[in-house]
Amino acid sequence: MELFKVNIKLFKYFIIILLFLIQCKSVDKSDYKNTNILKGNAVREIESGHKIDNWKTYELFFTLNDSEECIKVNLSSAKFDEVLNEDTAIKTFFIVEKAIDISKFGMDKKSLFSEIGRNYDYNWSAMQEITICSSAADPIKTLDKNNNFRIRFTVFKDFNFKYTLNIFSDHPVKITDKNPVIK
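Note that our numbering numbers the sequence shown so that position 141 is 129, with each residue one more than the last.
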């Protein structure tokens, strides 16, 4: 009888843990329907005029085809190692920005970019990917249809490297190395 009580108790704990994991899974927005990918080389044509910590950055752009609750942005870089005869991963730092229409303010520019996320903290600890979620309370952080975004990135080194950008979303995303926003 004692063994039966222990098994019932273990079964209850198992059910509680299982329910907790199911709830966490429903909160975690990790199952996106689309993976949008752009691969390329960090070359002069995609250099940005804006720096990160006084280092040259490169820029890529994307446009949402439909409104999104959340998106996940993953950016990795690699340099070819001639000794190992293979690509070696490089730590990459990036900022995601949203284009804001300022044409109604009578300024020379029609838009500017405002930061909505970054993959590093103030101690320069970087993550390979970040999740950005729409916020109804902050119009700059909405992920609405036809919004234009820019990703600026650097490796804090001055050499040629390859990049791979993955944007995980529920709807298709157009990724390009050309700025779709009229400046």
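Glycine is no exception: its CB is placed at the ideal position from the N, C-alpha and C atoms.
This structure is a prediction, so every number in the text was calculated from the model and none was measured.
- Taking 9 Å as the cut-off, the beta carbon of I59 is found no closer than this to the beta carbon of E47.
- The beta-carbon separation of K162 and T51, rounded to 5 Å, stays under the 8 Å limit for a contact.
- Take S91, set aside five residues on each side of it, and the residues of its chain with a beta-carbon closer than 6 Å to its own are K98, in chain order.
- Note on the stretch 57 to 137: whole beta strand (DSSP E) runs with a minimum of 3 residues are 58 to 69, 74 to 78, 81 to 89, 99 to 106 and 117 to 121, in chain order.
- As the crow flies, the alpha-carbon of G94 is around 21 Å from that of N135.
- Looking at the DSSP output, E35 sits in a beta bridge with Y46.
- Here R140 really is in contact with S36; their C-beta atoms are around 5 Å apart, less than 8 Å.
- DSSP places N29 inside the beta strand (DSSP E), whose first and last residues are N22 to N29.
- Where S157 is concerned, the enclosing beta strand (DSSP E) starts and stops at K150 to S157.
- Between the alpha carbons of L26 and A125 lies a distance of about 31 Å.
- Of the residues assessed, N29 falls on the exposed side of the cut-off, its CB having fewer than 16 other CB atoms within 10 angstroms.
- Counting only residues of its own chain and dropping the five nearest sequence neighbours on each side, V84 has a CB closer than 8 Å to the CB of V61, E103, I104, G105, R106, I118, I120, F137, R138 and I139.
- Here the alpha carbon of L72 sits roughly 39 Å from the alpha carbon of H159.
- 9 Å or more divides the Cβ of S55 from the Cβ of Y151.
- Considering only D89, F147 and D75, the residue with the shortest C-alpha distance to P127 is D89.
- DSSP places V161 in the strand class (E or B) of the three-state scheme.
- Here the alpha carbon of T142 sits roughly 5 Å from the alpha carbon of T45.
- Between D165 and F49, the CB-CB gap stays under 9 Å.
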